[in-house]
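Visitor: So that you can map any letter, position 267 of the sequence shown is 267 in UniProt numbering, and since no number is skipped, the others follow by simple counting.
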Amino acid sequence: GQGVTNAQAAATKNAQNVVVQFNNGAAIDNNDLKGVGRIDFGAPASTLVFNLANPTTQKAPLILGDNAVIANGVNGTLNVTNGFIQVSNKSFATVKAINIADGQGIIFNTDANNANTLNLQAGGTTINFTGTDGTGRLVLLSKHAAATNFNITGSLGGNLKGVIEFNTVAVDGQLTANAGAANAVIGTNNGAGRAAGFVVSVDNGKVATIDGQVYAKDMVIQSANATGQVNFRHIVDVGADGTTAFKTAASKVTITQDSNFGNTDFGNLAAQIKVPNAITLTGNFTGDASNPGNTAGVITFDANGTL
């Protein structure tokens, strides 16, 4: 992650057998790895570890650009043990095992396998959350003219590990269970099989659609501006001790199946949960309607329903 200064780049022309200045004498910022090219795991099986001495963050990750392409991913293991990395090429989804340590993360901001879809955990590949508290983070960024839909084989997170963030701030996106909406896409059940967390980030007029069952202990719905839309196409269940928090700005959430949002904090936002006919919404809903200028949240029933 250590960059190169202008002086260092210029000095390389004096080194033995070096006939041109490194990077044409230009500096490279810390944690900028856009110049990295093909990464070939080859044979036998091998492991690539990102263990940054100066760990990066989700807001300022180490970036691998479009030229960083994985070859022979079936032989590879990618461990993120310290820092956040962002990948730009779809080939990273072919790595046999991606392991994310507590508090660290990997961000997919890539091109697509076909149309606008990126396939994750296909062909026996896995994304795993290691460590003791399972706070490793997987961030899926919906990208213009590239991967906006994420097709998941199996599910992401589980055993109370893994924080998965689905981000459609830039463009509408979809998170889909490959086996169909009646199957889990986050976690596996509403008990020990839950993911540690599920975060949906939207923006004004942008839509995030989740086509699969969601089981996460702590859920966050955040909209950069008002009227971001989140559509859950199947069960959402945070479990007996789970929570849901609305943050930043008012957003709209639509459910289609009986769902449990647990202890829900509207954050004094005019966030809205829309419940269709004959559906039950379960939870403890908290706000502060007495706080001037704030709204404790809105629950709208299309017709018959149960709270």
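Think of the CB as a built atom: it goes at the ideal place given N, C-alpha and C, for glycine as much as any other residue.
1) Would you list the one or two residues that DSSP bridges to A208?
2) Grouping DSSP H, G and I as helix and E and B as strand, with all else coil, what is N82?
3) Taking 8 Å as the cut-off, does the region 199-211 touch the region 227-242 (at least 3 CB pairs, one atom from each stretch)?
4) May I ask you to report which of helix, strand or coil DSSP gives F150?
5) How would you write the range of the beta strand (DSSP E) that S223 sits in, first residue to last?
6) From the DSSP output, in three-state form, read off N178 for me.
7) Going by CA-CA distance only, name the one from V49, V95, Q121 and A60 that's closest to T81.
8) Go ahead and pull the three-state DSSP assignment for F285.
9) Shortest alpha-carbon distance to N260 belongs to which of G37, I235, V220 and G73?
10) What are the boundary residues of the beta strand (DSSP E) that includes R38?
11) If you measure between the beta carbons of residue 324 and G173, is that distance less than 8 Å?
12) Does V275 come out as helix, strand or coil in the three-state DSSP assignment?
13) Name the one or two DSSP bridge partners that T132 has.
14) Determine the direct distance from the alpha carbon of K247 to that of D102, and round the result to whole angstroms.
15) In angstroms, rounded to a whole number, what distance separates the CA positions of D302 and I85?
Guide: The relevant details are as follows:
1) Walking along the sequence shown from the start, residue 208 turns up at place 208. G173 and V230.
2) Indexing the sequence shown from 1 puts residue 82 at position 82. In the displayed model, N82 falls within a strand according to three-state DSSP.
3) yes
4) Counted from its first residue, the sequence shown places residue 150 at position 150. Note: F150 maps to strand in three-state DSSP.
5) Locating residue 223 in the sequence shown gives position 223, where the first residue counts as 1. Counting along the chain, the beta strand (DSSP E) containing S223 begins and ends at Q213 to S223.
6) Position 178 of the sequence shown, counted from the first residue, corresponds to residue 178. In this structure, N178 counts as coil in the three-state DSSP scheme.
7) Stepping through the sequence shown from its first residue, residue 81 is reached at position 81. Answer by Cα proximity: V49.
8) For this step, residue 285 is matched to residue 285 along the sequence shown. F285 falls in the strand class under three-state DSSP.
9) Position 260 of the sequence shown, counted from the start, is the residue given in the question as residue 260. For N260, the nearest C-alpha among the options comes from I235.
10) As a working note, residue 38 is residue 38 in the sequence shown. Note, R38: premise wrong, no beta strand (DSSP E); not H, not E.
11) It is not possible to answer for residue 324, since the shown part of the chain is limited to 1 through 307.
12) Here residue 275 is taken as the residue at index 275 of the sequence shown, counted from 1. Here V275 sits in strand by DSSP.
13) As a position in the sequence shown, residue 132 is number 132, starting the count at 1. DSSP lists no beta-bridge partner residue for T132.
14) Translated into positions along the sequence shown, residue 102 becomes position 102. Translated into positions along the sequence shown, residue 247 becomes position 247. Each residue's alpha carbon lies about 23 Å from the other.
15) The count along the sequence shown starts at 1 and reaches residue 302 at position 302. The count along the sequence shown starts at 1 and reaches residue 85 at position 85. Going from the Cα of D302 to the Cα of I85 covers about 43 Å.
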